[in-house]
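Here the structure is laid out as structure tokens; the discussion comes afterwards.
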Amino acid sequence: MKDRAEGQPDISLFAAGENKGDGECEGSILRPEEAYRNWEEGKDGISTLFKTRDPACADEMRRAILWFYQLLFWSNGQEVDLTDRQKRVEWLELKPHNVVDRLSFIEQNPRLAHSFLQLQELFAEQWKRYAKDRAMKSIKKSSE
78 MKDRAEGQPD ISLFAAGENK GDGECEGSIL RPEEAYRNWE EGKDGISTLF KTRDPACADE
138 MRRAILWFYQ LLFWSNGQEV DLTDRQKRVE WLELKPHNVV DRLSFIEQNP RLAHSFLQLQ
198 ELFAEQWKRY AKDRAMKSIK KSSE
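Count along the sequence shown from 1, then add 77; that gives the number in the working numbering.
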């Protein structure tokens, strides 16, 4: 993870694609379920690292932060683009309350157990918002 500030996620893991507005981007399909599944599969390992006070928890937290950005952007039908990410996140429709402040705290403090707890809450909140949005769109579509 070169050329980045200490504690910041490696944004090079995301290739910016051209958003087609239909949940797909050039060269990729946006799958919030995939980002959430990665979190579900990885969170117990991160929890264990915190319990054993393993310094590797910071690297795993950074990976999990990237999964959250995937979930956040993909659940809004947007390709992940973390350039000027605070502004981009503020413009998203589906997002947890105070997400920018909470993410800033987590990114600056990836070794704190409280950051892990906050990230867990962000994942849960975003997943619920995404599920509710899908359900509402499905109801609206079936009533047309």
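Glycine included, every Cβ here is placed at the ideal spot set by N, Cα and C.
Buried or exposed for residue i, please, with buried defined as at least 16 other CB atoms from any protein chain shown within 10 angstroms of its CB.
i, result
"Leu149", "buried"
"Met138", "buried"
"Gln185", "exposed"
"Ser215", "exposed"
Can the beta-carbon of residue i be found less than 9 Å from the beta-carbon of residue j?
i, j, result
"Phe145", "Trp116", "yes"
"Gln147", "Ala112", "yes"
"Ala141", "Leu196", "yes"
"Leu171", "Arg114", "no"
"Leu143", "Val166", "no"
Quick one: residues in its chain with C-beta nearer than 7 Å to the C-beta of residue i, no 5 flanking neighbours on either side, listed in chain order?
i, result
"Leu194", "none"
Please confirm whether any heavy atom of the ligand NAP lies closer than 8 Å to the CB of residue i.
i, result
"Gln203", "Although the ligand NAP was asked about, the structure shown includes no ligands whatsoever."
Have a look at residue i and residue j and give me their C-alpha separation to the nearest angstrom.
i, j, result
"Leu262", "Lys217", "The displayed coordinates of the chain run from 78 to 221. Any statement about residue 262 would go beyond what the structure contains."
"Phe67", "Ser220", "A query on residue 67 cannot be resolved here, the shown segment of the chain reaching from 78 to 221 and no further."
"Ala201", "Val176", "12 Å"
"Asp178", "Ser192", "12 Å"
"Asp131", "Met213", "42 Å"
"Cys102", "Pro109", "Residue placement at Cys102 is poorly supported in this model, since its pLDDT is 45, which falls under 50; the coordinates are not used for a value here."
Residues in its own chain within less than 6 Å of residue i by CB, not counting five upstream and five downstream?
i, result
"Trp204", "Tyr113"
"Gly98", "With a pLDDT of 40 at Gly98, under the threshold of 50, the predicted position of this residue should be treated as unreliable, though the coordinate-derived value follows. Correct list: empty, nothing qualifies."
"Ser124", "none"
In its own chain, which residues sit with a C-beta less than 8 Å from the C-beta of residue i, not counting the 5 before and 5 after it?
i, result
"Ala190", "Phe127"
Between the region 152 to 168 and the region 117 to 128, do at least 3 Cβ pairs fall closer than 8 Å?
no
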